[in-house]
Amino acid sequence: MEENDPDLSDETLDEEPDLDRIAAATPRQAGQSNGAWADALKAAHPDLSAADAAKIVGATKGEIARRAAFQAVSAQNQVRLDAIAASVPRGQMQKGLWADALKAAHPDLSAADAAKIVGATKGDIANRASFQAVSAQNQARLDAIAVATPRQAGQSNGAWADALKAADPDLSAADAAKIVGDSKGNIARRASFQAVSAQDQARLDGIAAATPRQAGQSNGAWADALKAAHPALSAAEAAQIVGARKDEIAKRAAFSGVIQDYQPIRMRANGPDHVETSAGGSDTTGRGSDQRSKRPGTTGPV
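Residue numbers (my numbering): 782 to 1083.
The structure is reproduced here in C-alpha cells:
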C-alpha cells in the first residue's frame, strides 16, 4: 500500500510557493505601504501572483491585482515601457509627478502605460490633469495663459492656480488644474475659484483694501488681521480674500467660535456680587474679603 501511495510532497512544494521565504527575501521597508511592498515582491519574484502577494502583505487580492505591477504585459510591450522610463528617470519625483513628466516627454503615453511604469493604479494616473484629453487648440490657449503668468520659484500648485485666476478671472478650475498639473477637485476647492457675486466681490475688495496684506505676510496672518478689523468676517470670506481654502482659515484661532459670555470684572463694578478688595482687586463671591481670609475651622479673620 505504501509503495502505491503517491508522494505528493514534491508536487505540493512546486504548486505552493513558500510565502514566508519570499517575504523574508524582500522584507517590508519602514513606512512601506501594502501596495508598495507588493510591487517590490513582484519585482523580485516575477511569478508571484496577486493572491499570494496579498496574503504576504495583508491586503485583498483585488487591491493588489489592480496594481500596475501585477497587470500582464507582453515582453515586447515591457521593453517599450522600460525605454520610456529610462528616457525620463524618476529621481526624487513622486509617482504622480513622474507620470506627468513621462506624459510631457511622450504625449501619446496612456494613463494605463504610465501607471505600469510608475507603479500606481490606472485610475490614479487617469485623474491627473496631464492625462486629460485636450485639443491642440485648447492646449495652445492654456500654454499662453501659463506663459503670461509663469510659476514662481517654490510656488505650489494651488498658489500658482490662484495667480493664474487673478490674472485671468474667467479661467476655470479644470483648465487651471491642467496648467499646474493637479486635479480639478483640489483647485476647485480653493477660495479663488469659488463663485462670488459682483456685489459681494466689491464688499470683499473693500475689506481687503481697508486692511491690506503686509510685506511677507502669510495667508493665515493676513486673515487674522482682517478678522481683527472686521469681527463679522467669516472664514469663507477671509479665505476668498487671501486666496486660501475655507477649512485652512476656519481652523485658525481667530476664526474659532468662542462665546464671550462674560465681561471683565471692572466692567461690572455695580453688580450685586462685586466687592472691591483693599488691594484694589475684585471679589465676585458675594461674601467679601473677610470671608476669603478665614481658614476652615476658624471663627474670625486670621
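Cβ atoms here follow ideal geometry from the backbone N, Cα and C, with glycine treated the same way.
Stretch pair the stretch 877 to 887 + the stretch 832 to 849: three plus CB contacts closer than 8 Å
When Cβ pairs closer than 8 Å are counted between the two stretches, the stretch 877 to 887 is seen not to touch the stretch 832 to 849, the count staying below three.
Is the distance from the Cβ of Thr-930 to the Cβ of Ala-944 below 9 Å?
yes
Would you give the residue range spanned by the alpha helix (DSSP H) that Lys-903 belongs to?
903 to 907
Near Asn-886, which residues of its chain fall below 7 Å by C-beta distance, leaving aside the five closest residues on each side in sequence?
One point to set straight first is that residue 886 is Ala, not Asn, in the sequence displayed. Within the same chain, Ala-886 has close Cβ partners Ser-868 and Val-869.
Local Cβ density within 10 Å of Val-928, reported as buried at 16 or more and exposed below that
exposed
Which residue wins for smallest C-alpha separation from Ala-856, given the options Pro-827, Gly-816, Gly-1024 and Asn-815?
Pro-827
Alpha carbon of Ala-1017 to alpha carbon of Asn-938, nearest angstrom:
Whole-angstrom Cα-Cα distance: 21 Å.
Go through its chain and collect everything with a Cβ distance to Asp-786's Cβ below 8 Å, but skip five positions before and after it.
Its pLDDT being 45, under 50, Asp-786 is placed unreliably by the model, and nothing is read from it.
Does the distance from the CB of Ala-947 to the CB of Ala-910 come in under 9 Å?
The Cβ atoms of Ala-947 and Ala-910 do not sit closer than 9 Å to each other.
Given that a residue counts as buried once 16 or more other Cβ atoms are within 10 Å of its Cβ, and exposed if not, what is Gly-904?
exposed
Spatial neighbours of Ala-989 in its chain, beta-carbon cut-off 7 Å, leaving aside the 5 residues before and after:
Ile-1022
What is the residue span of the alpha helix (DSSP H) that Ser-868 lies within?
856 to 868
Which residues bound the alpha helix (DSSP H) around Arg-922?
If you look at Arg-922, you'll find it in the alpha helix (DSSP H) that goes 917 to 929.
Indicate the three-state DSSP secondary structure (helix, strand or coil) for Glu-797 in the structure shown.
Judged by DSSP in its simplified three-state form, Glu-797 adopts coil rather than helix or strand.
I'd like the span of the alpha helix (DSSP H) that includes Asp-828, first residue to last.
Element bounds for Asp-828: n/a, residue is neither H nor E.
Expressed to the nearest angstrom, what Euclidean distance is found between the alpha-carbon atoms of Ala-991 and Gly-935?
Distance between the alpha carbons of Ala-991 and Gly-935 is about 29 Å.
According to DSSP, is Gly-997 part of a helix, a strand, or is it coil?
coil
With a threshold of 16 other CB atoms inside 10 Å of the CB of Gly-816, please say whether the residue is buried or exposed.
buried
Would you tell me roughly how many angstroms separate the C-alpha atoms of Phe-974 and Asp-799, rounded to the nearest one?
54 Å
Residues of its chain near Ala-840, where Cβ-Cβ distance is below 6 Å and the 5 sequence neighbours each way are ignored:
Asn-815
Which class does Leu-985 belong to by DSSP, given the choice of helix, strand or coil?
helix
Would you give the residue range spanned by the alpha helix (DSSP H) that Lys-842 belongs to?
842 to 846
If Phe-851 sits next to Ala-831, beta carbons under 8 Å apart, how far is it from one beta carbon to the other, in whole angstroms?
5 Å
Taking the C-alpha atoms as reference points, what is the distance between Lys-897 and Gln-918?
30 Å
In whole angstroms, give me the CA-to-CA distance for Lys-965 and Glu-797.
Put simply, the backbone Cα of Lys-965 is about 46 Å away from that of Glu-797.
Residue environment, Ala-1025, which counts as buried when at least 16 other CB atoms sit within 10 Å:
buried
Per DSSP, what kind of secondary structure is Leu-878 in: helix, strand or coil?
Leu-878 sits in a helix when the DSSP states are folded into three classes.
When burial is assigned at 16 or more other CB atoms within 10 Å of the CB, is Gly-962 buried or exposed?
buried
Which same chain residues, not among the five before or five after Leu-822, have their C-beta less than 7 Å away from its C-beta?
Excluding sequence neighbours, Leu-822 sits near Ile-803, Thr-807, Leu-829, Ala-834 and Ile-837.
If you follow the alpha helix (DSSP H) that Leu-945 is part of, which residue opens it and which one closes it?
938 to 948
Note the first and the last residue of the continuous alpha helix (DSSP H) segment covering Gln-1021.
1016 to 1023
Are the beta-carbon atoms of Ala-979 and Ala-969 separated by less than 9 Å?
no
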